[in-house]
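Peer 1:
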Amino acid sequence: MNTGEQETRDQVRALLRWQLEAGADEAIGLHPVDRFNVSAAIETLTPRRIAPTAAATASAPFVTPQAVTASAREIAAACHDLASLRQAMENFQGCALKTTAKHTVFADGNAKARVMLVGEAPGRDEDLQGLPFVGRSGQLLDRMLAAIGLDRNQVYISNILPWRPPGNRTPTSAEIALCLPFIERHIQLAAPDLLLLLGGISVKALFSTSEGIMRLRGRWKPYQAGEREIPALATFHPAFLLRQPAQKKQAWQDLLALRVRLDSLPVNELQVN
Ligand code: URA
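Remember, this note's numbering sits 383 above the position in the sequence shown when you count from 1.
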């Protein structure tokens with residue numbers, strides 16, 4: 384190696400070190416992507432890989448975010464059990480987040496549970512393990528559940544987004560809209576008796592509201608899952624509680640409300656909690 388090459392290497396190393404110190408913890412793609420231009424991002428990251436569907440081809444000559452969302456909705460609607468939904472999501476190529484994620488994080492816990500929890504999106508640990516809520520906020524969630532006598536086998540857990548946003552950034556509204564058909568179908572197929580929505584993104588997405596979690600938490604609202612109405616309670620996200628432990632008091636009230644509602648459900652032979 385000549386001196387010029389060595390200098391270039393040293394410069395590249397110094398640049399990488401600087402990025403690590405600035406908080407970048409992974410390389411996320413070979414090609415630069417303009418994430419402010421969602422349709423261009425989708426086309427850049429998934430060239431010719433989005434299966435055209437009737438809705439997609441009818442609505443646009445090129446792939447728009449709306450067409451990809453319509454395609455996700457058609458694909459999700461065609462799934463009649465959780466296994467086929469999981470497979471369809473694993474095959475889906477319409478979301479740019481999937482190209483940087485290591486796993487499609489589908490669900491954990493017991494699909495027959497009476498309570499389904501819906502969080503925001505996988506973080507780093509969840510992406511590595513392919514399971515929701517296994518990192519620090521998951522550990523707090525386990526303790527919160529234990530406080531009302533539940534464990535992971537007595538609830539079913541999923542997220543609005545099945546793919547980790549790079550660097551745990553907040554998902555964009557286009558990404559949420561694109562993934563929404565999958566979690567909506569997921570809830571219909573799991574058909575829980577009660578929903579616990581963890582954090583603002585979850586409640587805003589499922590109720591398509593712009594109200595904040597501070598106002599929405601602690602209130603039961605019927606969630607329309609296809610033909611069924613499911614009582615849904617919003618509470619703080621465990622990651623928020625890790626940052627703001629003073630809010631645990633409110634979350635505790637929400638958990639108690641969940642326990643009371645759970646105990647008031649009619650007994651069913653398949654029940655797991
Ligand atoms: N936060 C979430 O909302 N979901 C996870 O799975 C992990 C952290």
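Cβ coordinates follow ideal geometry from the N, Cα and C atoms, glycine included.
Nothing here was measured: the structure is a model prediction, and the numbers come from that model.
At which residues does the alpha helix (DSSP H) containing residue 567 begin and terminate?
Peer 2: 556-573
Peer 1: For residue 639, which residues in the same chain have their Cβ closer than 8 Å to its Cβ, ignoring the five residues on either side in sequence?
Peer 2: 531
Peer 1: Return the residue from the list 446, 650, 543 that minimises the CA-CA distance to residue 591.
Peer 2: It is 543 whose Cα lies nearest to the Cα of residue 591.
Peer 1: Tell me whether residue 627 sits in a helix, a strand or coil according to DSSP, three-state version.
Peer 2: Reduced to three states, the DSSP call for residue 627 is coil.
Peer 1: Following the continuous alpha helix (DSSP H) through residue 453, name the residue where it begins and the one where it ends.
Peer 2: 448-460
Peer 1: Just to confirm my understanding: we take residue 630, look at its own chain, exclude 5 residues before and 5 after, and list those with CB closer than 8 Å. What are they?
Peer 2: 619, 623, 624
Peer 1: Taking the straight line between their C-alpha atoms, what separation do you get for residue 569 and residue 484?
Peer 2: 20 Å
Peer 1: Note down, in chain order, each residue of its chain lying with its Cβ closer than 6 Å to the Cβ of residue 471, except the 5 sequence neighbours on either side.
Peer 2: Counting only Cβ-Cβ distances below 6 Å, and skipping sequence neighbours, we find 458, 462.
Peer 1: Whole angstroms are fine: how far does the CA of residue 384 sit from the CA of residue 390?
Peer 2: Near 10 Å, if we compare the C-alpha coordinates of residue 384 and residue 390.
Peer 1: Using CA atoms only, rank isn't needed, just tell me which of 617, 567, 634, 480 is closest to residue 610.
Peer 2: For residue 610, the closest alpha carbon among the candidates 617, 567, 634, 480 is that of 567.
Peer 1: With distance defined between alpha-carbon atoms, name the residue in 466, 496, 508, 479 nearest to residue 489.
Peer 2: 466
Peer 1: Which residues count as close to the ligand URA when the rule is a CB under 5 Å from any of its heavy atoms, in chain order?
Peer 2: 502, 503, 505, 506, 509, 515, 516, 520, 542
Peer 1: With a threshold of 8 Å, are at least 3 pairs of Cβ atoms found where one atom belongs to the stretch 496-504 and the other to the stretch 575-590?
Peer 2: yes
Peer 1: At what residues does the beta strand (DSSP E) containing residue 541 begin and finish?
Peer 2: 538-542
Peer 1: To the nearest angstrom, how far is it from the Cα of residue 601 to the Cα of residue 551?
Peer 2: 26 Å
Peer 1: Express the C-alpha separation of residue 448 and residue 651 in angstroms, rounding to a whole number.
Peer 2: Their backbone Cα atoms lie some 42 Å apart in a straight line.
Peer 1: Can you list the alpha helix (DSSP H) stretches of 4 or more residues lying completely in the stretch 586-642, in chain order?
Peer 2: 596-599, 621-626
Peer 1: Does the beta-carbon of residue 481 have 16 or more other beta-carbons within 10 angstroms, so that it is buried, or is it exposed?
Peer 2: buried
Peer 1: Mind checking residue 535: buried by the 16 CB within 10 Å criterion, or exposed?
Peer 2: When all chains shown are included, residue 535 counts as buried.
Peer 1: Less than 9 Å between CB atoms is the rule here; does residue 572 satisfy it with respect to chain B?
Peer 2: Looking for chain B here will not work: only one protein chain is present.
Peer 1: Cα-Cα, which of 553, 468, 528, 518 is closest to residue 503?
Peer 2: Taking only the C-alpha atoms, the option nearest residue 503 is 553.
Peer 1: Please look up how many angstroms separate the CB atoms of residue 606 and residue 615, rounded, as I've assumed it's under 8 Å.
Peer 2: Yes, residue 606 and residue 615 are in contact; Cβ-Cβ is about 4 Å, under 8 Å.
Peer 1: What residue does the alpha helix (DSSP H) around residue 514 start on, and which one ends it?
Peer 2: Unbroken run through residue 514: none, as it is neither H nor E.
Peer 1: Starting from residue 395, follow the alpha helix (DSSP H) in both directions and report where the run begins and ends.
Peer 2: 386-404
Peer 1: DSSP three-state label for residue 464, please.
Peer 2: coil
Peer 1: Helix or strand or just coil, what does DSSP make of residue 533?
Peer 2: coil
Peer 1: Under the DSSP definition of a beta bridge, which residues are partnered with residue 501?
Peer 2: Under DSSP, residue 501 forms a beta bridge with 541, 580.
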